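FYI, the UniProt record's numbering numbers position 110 of the sequence shown as 110, with every residue one higher than the one before it.
Glycine included, every Cβ here is placed at the ideal spot set by N, Cα and C.
What you are looking at is a predicted structure, and each value in this text was computed from that prediction instead of being measured.
The next block holds one structure in the form of structure tokens; read it before the comments.
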Amino acid sequence: MPRFSANLSMLFQEHPFLERFAAAARAGFCAVEFQFPYDWPAGDVARAAREAGVDVVLFNFPAGDWAGGERGLGCLPGREAEFRAGVARAIDYARALGCPRINCLAGLAPSGETAEHLAETLIDNLRHAADACAPHGIAVLLEAINTRDVPGFFVDRSTRAAELVAAAGRGNLFIQYDLYHAQVMEGDLANTLARLLPQIGHIQFADNPGRGEPGSGEINFPWLFAELDRLGYTGWVGAEYRPRGADTESGLGWLRA
Ligand SMILES: O=C(O)C(=O)[C@H](O)CO
Ligand SMILES: [Mg+2]
């Protein structure tokens with residue numbers, strides 16, 4: 001079976017953030033990931049991970065005014081300085097946490113800009129992020145997000161993410177393949193995984209519809225997890241779903257199986 005990490009922005013929300021690390025360890029996870037650690041000092045986050053005995057394997061670059069509706073800075077012309085400051089901040093956190101990869105959110109396509117200009121901006125920003133991260137041994141990822149949940153997200157298909165990553169042309173740049181977003185937008189998960197595998201630096205999952213745990217929807221997760229092994233994928237697979245029950249533990253049947 002693949003190596004699973006618990007996404008602490010979605011799982012274990014019945015606990016305060018810094019207590020979720022120990023909750024994940026108690027549930028059997030040896031690795032965690034999360035969306036944004038920036039509300040907590042890096043030292044506190046690192047201590048929570050160390051004391052729980054879990055590795056931190058992924059988090060996101062700062063993504064703009066999230067509460068105000070922004071969903072990333074990567075493709076936004078005129079926001080490059082803010083993107084770059086976010087890259088520096090994320091690297092500080094990654095070094096404190098020993099985290100080897102950081103995900104870039106492309107953001108919502110602003111009106112009045114051509115797709116070509118947004119793609120150029122994103123590619124420049126990805127190159128900057130990859131070059132800044134490379135000396136620290138950190139990989140940079142680009143994730144496609146479905147436009148049913150996030151209307152207007154600029155990179156909405158894994159095949160497009162793969163094209164942009166290839167165009168940026170950096171050895172430490174990969175795609176983050178989220179099975180939930182891919183199922184909503186593209187389907188054909190197994191064939192797409194096989195085709196994009198060399199470019200995949202991290203995988204996440206939730207069932208569809210509803211973004212719940214495996215077994216709550218239509219995706220055949222036992223088969224797909226075995227397929228990841230058959231394909232030779234050795235990276236992390238992040239559980240990034242909204243538990244359907246009152247607590248996370250009651251939805252972990254897929255992990256026990
Ligand atoms: O929403 C997702 O799938 C993510 O992985 C990002 O962290 C954005 O929240
Ligand atoms: Mg995701």
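- In this structure, Arg148 lies away from Gly107, with their beta-carbon atoms at least 7 angstroms apart.
- Applying a distance threshold of 6 angstroms between residue Cβ atoms and the heavy atoms of ligand 2 selects Glu143, Asp178, Gln204 and Glu240, given in chain order.
- By the Cβ test, the segment 148-161 is not in contact with the segment 128-136, since fewer than three Cβ pairs between them sit closer than 8 angstroms.
- Beta-carbon to beta-carbon, Phe29 and Phe4 are separated by about 6 angstroms, close enough to satisfy the 8 angstroms threshold.
- Taking 6 angstroms as the cut-off, one finds no heavy atom of ligand 1 near enough to the beta carbon of Gln183.
- The Cβ atoms of Ala48 and Leu18 sit closer than 7 angstroms to each other.
- Cβ contact annotation for Asp92 (same chain, cutoff 7 angstroms, sequence separation greater than five): Ala42, in chain order.
- The criterion of a C-beta distance shorter than 7 angstroms is satisfied by Val54 and Val32.
- With distances taken between CA atoms, Ile145 lies nearest to Leu179 out of His117, Glu113 and Leu179.
- Straight-line spacing of the CA atoms in Thr248 and Asp124 works out to 39 angstroms.
- With a threshold of 6 angstroms, the Cβ atom of Asn125 does not count as near ligand 1, since no heavy atom of the ligand is closer than that.
- Annotation for His15: no alpha helix (DSSP H) segment contains it, and DSSP assigns it neither H nor E.
- The residue from Phe153, Thr192, Pro151 and Val150 with its alpha-carbon nearest to that of Ala162 is Thr192.
- Within the chosen limit of 6 angstroms, ligand 1 reaches the beta carbon of Gln35 through at least one heavy atom.
- Taking 7 angstroms as the cut-off, the Cβ atoms of Ala190 and Glu227 count as close.
- The C-alpha of Tyr38 lies about 35 angstroms from the C-alpha of Leu231.
- At the C-beta level, His15 and Ala27 stay beyond 7 angstroms of one another.
- Within its own chain, the residues whose Cβ lies closer than 7 angstroms to the Cβ of Arg127, once the five positions on either side in sequence are excluded, are Ala168 and Arg170, listed in chain order.
- The secondary-structure analysis by DSSP pairs Trp236 across a beta bridge with Arg3.
- Between the beta-carbon of Val140 and that of Ile102 there is about 6 angstroms, and that keeps the pair under the 8 angstroms contact cut.
- Between Tyr233 and Pro2, the beta carbon gap of about 7 angstroms places them in contact (Cβ cut-off 8 angstroms).
- When the beta-carbon positions are compared, Phe83 and Asn60 stay at least 7 angstroms from each other.
- Sequence-distant partners of Ser216 (beyond 5 residues in either direction) whose C-beta falls short of 7 angstroms from its own C-beta, in its chain, are Asp207, Gly210 and Arg244.
- The residues Gly64 and Leu73, in chain order, have a CB closer than 8 angstroms to that of Arg79 in the same chain once the five nearest residues on each side in sequence are set aside.
- Per DSSP, the continuous beta strand (DSSP E) segment holding Phe59 begins and ends at Asp55 to Asn60.
- Ligand 1 approaches Asn60 closely enough that one of its heavy atoms is under 6 angstroms from the residue's Cβ.
- Using a Cβ distance threshold of 7 angstroms, Phe174 and Gln199 count as a contacting pair.
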